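If you read the sequences in order, they're chains G and S. For the first sequence, counting from 1, position 95 maps to 95 in our numbering; every step adds exactly one. For the second sequence, counting from 1, position 286 maps to 1286 in our numbering; every step adds exactly one. Worksheet: the structure to be examined is printed underneath.
There are 2 protein chains.
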Amino acid sequence: MIDTRMDAFSPLRWRDDHLQLLDQTVLPHTETWLECRTPELVADAIRRLSVRGAPAIGVSAAFGLVVGMTGADDEDCAARFDDTWQLLAGTRPTAVNLRWALELGREVYERHRAEGAAAVRTALLAWAQELHAADIESNRRLGDYGAELFEAGNRVLTHCNAGALATGGYGTAIGVIQSSWAAGRLAMVWVDETRPLLQGARLTTWELERAAIPYRLVTDNSVGSLMSRGLVDRVVVGADRIAANGDTANKIGTYTIAVLADRHDVPFYVAAPLSTIDRQSATGAAIPIEERAGEEVTHVFGVDVAPEGAPAANFAFDVTPAELITAIITDVGVLKPPLAQSITQAFDTPSTSIPV
Amino acid sequence: MIDTRMDAFSPLRWRDDHLQLLDQTVLPHTETWLECRTPELVADAIRRLSVRGAPAIGVSAAFGLVVGMTGADDEDCAARFDDTWQLLAGTRPTAVNLRWALELGREVYERHRAEGAAAVRTALLAWAQELHAADIESNRRLGDYGAELFEAGNRVLTHCNAGALATGGYGTAIGVIQSSWAAGRLAMVWVDETRPLLQGARLTTWELERAAIPYRLVTDNSVGSLMSRGLVDRVVVGADRIAANGDTANKIGTYTIAVLADRHDVPFYVAAPLSTIDRQSATGAAIPIEERAGEEVTHVFGVDVAPEGAPAANFAFDVTPAELITAIITDVGVLKPPLAQSITQAFDTPSTSIPV
């Protein structure tokens, strides 16, 4: 089942008895791996965005459950698991893959709890590793499906970072970009910087440099101008949570790009595995939107760019309504409008892509 | 003719024999006045954006002509004037007020050249001071016209900085905001930060703090989200050049906001004096758009935010088509669609606002 090409870079790795996470807050200039030997350290890394991106958060949480069981004995097995679970569940509200992975982890726990703490931990580790591998494999499939929507010479715009760094590996939106590039269907990538935390400028550029895919960095303000000049042929972005009707929560600014793409008849694709679809959220209105500290706006890399104490609003995500989405590229194929219907079909079709 | 309320802060001032410009590149943390005793220093300040904003560039260039004539004798009067004129004209391509002021300055020169260099300089100084005072007065009138378009409780979004700092004083877009606030028709201001150079975060916040007008700072990416949440009632922006048909060049990102405002039925106002209208540009396609160094994108306050050598595109302005503009608020009144027609009418009506 696992793709033999699995040479993909991953922002997380299991080493002996602990999880290591690439600290994405200090990229692109410094490559530091955080050694997470406690669930608190995993939770903190998720909260601080050392690891970010819905699929990567999900896989990290899976390993976080394993870390939480390290050293547990049979008596405190249940308490340890529950405490770890709650700690991780409370880190970030919007990305549904977090909750999705934790629910799967709970199923693994329930199946093995009678065997004792050590058996639970062993089962969780095997499951987390399979989840990690399956995520990469999902993204490769997703990328290849997406490449079929591209044509030679296409210039694609992407927002934030939905690359290897945001997933177990290979990436969702950048997975599509990688597959399109390999298929000779891509000329270059427009990378918008993605304020406030500059994941485009810091992370997507870093990944494209590694993949030797041509790109140009622009401010978020430039997207309308690029489209009105006819310089953008495709948009592809990731997702933090997709509602049952196709409404998509993603990094703040995504909605703006979708509105612009609609005006300029540029296809607007969302790339995400089925695990990002939350059928419990009927529409985008049901998706909780995280509001983060104003300091992320008033400061850039620690430098104060506004008057001291300037009040700022910092919604981390916005919701793009289904009507603005040309298609959702998933690991089981391309979902086209009407999205509510094609999402239902995708879940009703047996799939091997979600290990339990 | 001059408003007796003229207590407005101005980013430029004439002191004895030279021009002083507030260095806006180091705001909001440092207030430094640059002493410009040569036309090269004035040109450099315009190019480096120490002074920016179409009306402020125009008034600075007027004083730049005076500085250029300092110490000239009758023999080199013509050469000095021409050299200064060309130097200033070559600084920035998009803001039409630069060329407009320089053309007016040439008329002053032509009227007085027979009287010798000293008389030319004296006449230019008197004219520049009148131009400066008239710009402030224009903005006060413009602001009061704009306030009539506002209703109590309005939350207005503005982009970049079209305030006192961008003009001779009082501001255009922020002039409207000041007048609306004074008239009790404004609840608060949404300030988008305006990458790459953060004029919103650095300058508009600074001005609103001084005026004690409530505001919240957001990233440029947030505008779509704010509108979809129903949190924006009005948009008002400045302009660097308005074509004869109403197409408006303004800071990059303006077009994106106009598209969003159109989708959400939020009135989108451009605030600018008639001197920003260039009837020689038939449409926005005729307006030259300045492309600035990529380093403005890859660096924030000198901090490198992208991989070393990352290629970046940096268009400084974009063009908002007339069809997306609800009205242009000018110093002679509010111009409504069809804009081509109302612009023609405005110029055909005698006005005392443009001193020659």
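C-beta atoms are modelled at their ideal positions from N, C-alpha and C, and glycine is treated no differently. This structure is a prediction, so every number in the text was calculated from the model and none was measured.
| Check | Outcome |
| --- | --- |
| Measure from the alpha carbon of G:ARG99 to the alpha carbon of each residue in G:ALA56, G:THR320 and G:GLY116, then state which is nearest. | G:ALA56 |
| List the DSSP bridge partners of S:MET1188. | S:ARG1155 |
| Please tell me whether G:LEU208 has its Cβ less than 7 Å away from any Cβ of chain S. | no |
| Taking 7 Å as the CB-CB cut-off, is G:LEU339 touching chain S? | no |
| The alpha helix (DSSP H) that contains G:TYR215, what's its start and end? | It is not in any alpha helix (DSSP H) - G:TYR215 instead sits in the beta strand (DSSP E) that spans 215 to 218. |
| Taking Cβ to Cβ, would you say S:ALA1201 is nearer than 7 Å to G:ALA306? | yes |
| By the DSSP assignment, the beta strand (DSSP E) with G:THR320 in it spans what residues? | 317 to 320 |
| First and last residue of the beta strand (DSSP E) that includes G:VAL270? | 268 to 271 |
| Looking at the structure shown, is G:VAL67 part of a helix, part of a strand, or coil, going by DSSP? | helix |
| Under 8 Å, with one C-beta from each stretch per pair, do the region 1320 to 1328 of chain S and the region 230 to 244 of chain G reach the 3-pair mark? | no |
| Determine, using beta carbons only, whether G:LEU260 comes closer than 7 Å to chain S. | yes |
| Taking buried to mean at least 16 other C-beta atoms within 10 Å of its own C-beta, is S:GLN1178 buried or exposed? | buried |
| By Cβ distance, which residues of its chain are closer than 6 Å to S:GLY1090, with the 5 residues on each side in sequence left out? | none |
| Since G:VAL108 is in the alpha helix (DSSP H), which residue starts that stretch and which ends it? | 96 to 112 |
| Between the Cα of S:ILE1136 and the Cα atoms of S:GLY1105, S:ILE1242 and S:PHE1009, which residue gives the shortest distance? | S:PHE1009 |
| Determine which residues of the region 310 to 324 of chain G have a Cβ less than 7 Å from any Cβ of chain S, and write them out in chain order. | ALA310, PRO311, ALA312, ALA313, PHE315 and ASP318 |
| Measuring CB to CB, does G:ARG279 end up less than 7 Å from G:ALA244? | yes |
| Any idea what DSSP makes of S:GLY1333, helix, strand or coil? | strand |
| Considering only the beta carbon of each residue, do S:TRP1181 and S:ILE1213 sit closer than 7 Å? | yes |
| Let's test the definition: count the other Cβ atoms within 10 Å of the Cβ of G:PHE268 and tell me whether it reaches 16, buried, or not, exposed. | buried |
| If you measure between the beta carbons of G:PHE301 and G:ASP240, is that distance less than 7 Å? | no |
| Please report the distance separating the alpha-carbon of G:SER353 from that of S:TRP1206. | Note that G:SER353 scores 44 on pLDDT, short of 50, meaning its location in the model is unreliable and no value can be drawn from it. |
| Please classify S:PHE1063 as buried or exposed, where buried requires at least 16 other C-beta atoms within 10 Å of its C-beta. | buried |
| Below 7 Å between beta carbons: does that hold for S:VAL1176 and S:ILE1277? | no |
| For G:PHE150, does the count of other Cβ atoms within 10 angstroms reach 16, so buried, or fall short, so exposed? | buried |
| Rounded to whole angstroms, what's the CA-CA distance from G:GLY309 to S:THR1158? Just pull it up for me. | 20 Å |
| At which residues does the alpha helix (DSSP H) containing S:ARG1013 begin and terminate? | Per DSSP, S:ARG1013 belongs to no alpha helix (DSSP H); it is in the beta strand (DSSP E), 1012 to 1015. |
| Step through the CB atoms of chain G and report whether any lies within less than 7 Å of the CB of S:VAL1026. | no |
| Report the rounded CA-to-CA distance for G:ALA79 versus G:TRP85, giving the unit in angstroms. | 10 Å |
| In chain order, which continuous runs of the beta strand (DSSP E) of length 3 or greater are located wholly inside the region 241 to 296 of chain G? | 241 to 243, 248 to 251 and 268 to 271 |
| Going by Cα to Cα distance, which pick from G:ARG52, G:PRO39 and G:HIS112 is closest to G:LEU22? | G:ARG52 |
| Report all residues from its chain with a CB closer than 7 Å to the CB of S:ASN1097; omit the five preceding and five following residues, and keep chain order. | ALA1054, PRO1055, ILE1057, GLY1058, SER1275 and THR1276 |
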